[in-house]
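Structure record follows, encoded as structure tokens.
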Amino acid sequence: MDSEKKPRVSDSGAWGMNVVSSVGIIMANKQLMSPGGYGFSFATTLTGFHFSVTALVGWASNAAGLSMSKQVPLWELLWFSIVANLSITAMNLSLMLNSVGFYQISKLSIIPVVCVLEWVLNNKHYSSKVIMAVLVVAFGVGICTVTDVDINMKGFLCACVAVFCTSLQQITIGSFQKKYSIGSFELLSKTAPIQAASLLLVGPFMDYCLNGQWILNYHFSTGALLFIVLSCALAVFCNMSQYLCIGRFSATTFQVLGHMKTVCVLILGWVLFDSALTIKNILGMMLAVVGMIVYSWAVESEKLSKLVAGVRGDEEDVKLLKDRTSGITESDVELGQAKS
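The UniProt record's numbering numbers the first residue of the sequence shown as 1 and each following residue consecutively.
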């Protein structure tokens, strides 16, 4: 009984860590980057800080013997880092060039793109229950987040790159863990230094293109530094839990259940920042939560049906073996012994 409960508690802990750290980092960054806060409008460079601290934690863990380092080809790590950094950069550009409504729609479209890529790359198939639950979640989140929708060609292209790279990155995380039998934190420790170096190199120029300001001209107050440190600390747990959840479940599950963070952000924004919360928002959140529950049930139902099919297959094999054995006569057995 205990061995059956441990994985469930561990899985719940991984999801809890991801939700809490993701919501926390959004709240911290909102205070850090908003004009009413500290006005630190250097998102790409801040992400470089995040991965730098994550890489430092990974190095300390390896040095202390708390984690093991496994071999992953350098070219695959570089390829993954390019895709991941393109995802971050394109998302920032998409947010700048598009309206908030279209940006939210592009984020919602990650779910179907992940499903298609998993089907193409990993030959993964989905039941009608799972597909219906995914649509319900996307529709519910769309109701409570999408407002104005304004489309332009540059913004549309950036959104397409962001959606594709984000989907491919999340699928690759799970593929690498299975392919090289590497743990989530060990894989993160290998990718974080490459992402940190490249983002810190490109980030300041990217941020200058986005807001016309250099980070060197920013006045780092004590409050801003404290929130940067808080954001980096939360990013470590956010990155760890992302790799952990995708490795244990799938990129699709991570995207679907990950929208619980959107619901939490809307509620906390209403509680902490006096953000408007309308009937439409509430109904959308309720629909999204219902979709997540149905999705979880559908996935568990699929697992159970596969398990039952496997057991039936084993029973049929045993029955066939018995039938073949019963067809052997006593003289055949004696003859076989004599020959041996």
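Where is the CB? At the ideal position from N, CA and C, for every residue including glycine. Note that the coordinates shown come from a computational prediction; the quantities given were computed from them, not determined experimentally.
So the alpha helix (DSSP H) residue i belongs to, where does it begin and stop?
| i | result |
| --- | --- |
| residue 169 | 153-179 |
| residue 68 | From DSSP, residue 68 is part of no alpha helix (DSSP H); its letter is neither H nor E. |
| residue 278 | From DSSP, residue 278 is part of no alpha helix (DSSP H); its letter is neither H nor E. |
| residue 40 | Element bounds for residue 40: n/a, residue is neither H nor E. |
| residue 190 | 184-211 |
| residue 92 | 74-97 |
| residue 237 | 222-248 |
| residue 119 | 110-122 |
With the cut-off set at 7 Å, would you say residue i and residue j are in Cβ contact?
| i | j | result |
| --- | --- | --- |
| residue 41 | residue 33 | yes |
| residue 51 | residue 233 | no |
| residue 114 | residue 251 | yes |
| residue 207 | residue 47 | no |
| residue 83 | residue 160 | no |
| residue 111 | residue 242 | no |
| residue 97 | residue 155 | yes |
| residue 43 | residue 94 | no |
| residue 25 | residue 184 | no |
| residue 189 | residue 291 | no |
| residue 38 | residue 224 | yes |
| residue 81 | residue 169 | no |
| residue 142 | residue 108 | yes |
| residue 298 | residue 130 | yes |
| residue 186 | residue 296 | no |
| residue 193 | residue 60 | no |
| residue 28 | residue 227 | yes |
| residue 247 | residue 174 | yes |
Give the C-beta separation of residue i and residue j to the nearest angstrom, bearing in mind that I take them to be a contact with Cβ-Cβ under 8 Å.
| i | j | result |
| --- | --- | --- |
| residue 294 | residue 133 | 4 Å |
| residue 18 | residue 245 | 6 Å |
| residue 72 | residue 180 | 5 Å |
| residue 346 | residue 191 | Limits of the chain in this structure are 1 at one end and 340 at the other, which puts residue 346 out of reach. |
Can you give me the C-alpha to C-alpha distance between residue i and residue j, rounded to a whole angstrom?
| i | j | result |
| --- | --- | --- |
| residue 106 | residue 92 | 12 Å |
| residue 8 | residue 204 | Legend: pLDDT at residue 8 = 42, less than 50; position of this residue unreliable, no value from coordinates given. |
| residue 85 | residue 15 | 24 Å |
| residue 79 | residue 279 | 45 Å |
| residue 118 | residue 219 | 45 Å |
| residue 217 | residue 210 | 15 Å |
| residue 62 | residue 69 | 7 Å |
| residue 178 | residue 222 | 43 Å |
| residue 267 | residue 286 | 12 Å |
| residue 198 | residue 176 | 21 Å |
| residue 125 | residue 240 | 28 Å |
| residue 249 | residue 301 | 15 Å |
| residue 135 | residue 213 | 41 Å |
| residue 201 | residue 158 | 21 Å |
| residue 171 | residue 123 | 13 Å |
| residue 182 | residue 127 | 29 Å |
| residue 281 | residue 167 | 26 Å |
| residue 104 | residue 305 | 35 Å |
| residue 215 | residue 49 | 13 Å |
| residue 116 | residue 153 | 24 Å |
| residue 31 | residue 253 | 30 Å |
| residue 335 | residue 12 | Below a pLDDT of 50, predicted positions are generally treated as unreliable, and residue 335, at 45, falls in that range; no measurement from the model is reported. |
| residue 237 | residue 283 | 31 Å |
| residue 229 | residue 23 | 16 Å |
Just checking: is the beta-carbon of residue i within a distance shorter than 7 Å of some beta-carbon in chain C?
| i | result |
| --- | --- |
| residue 97 | Judged by its chain identifiers, the structure shown contains no chain C, having just a single protein chain. |
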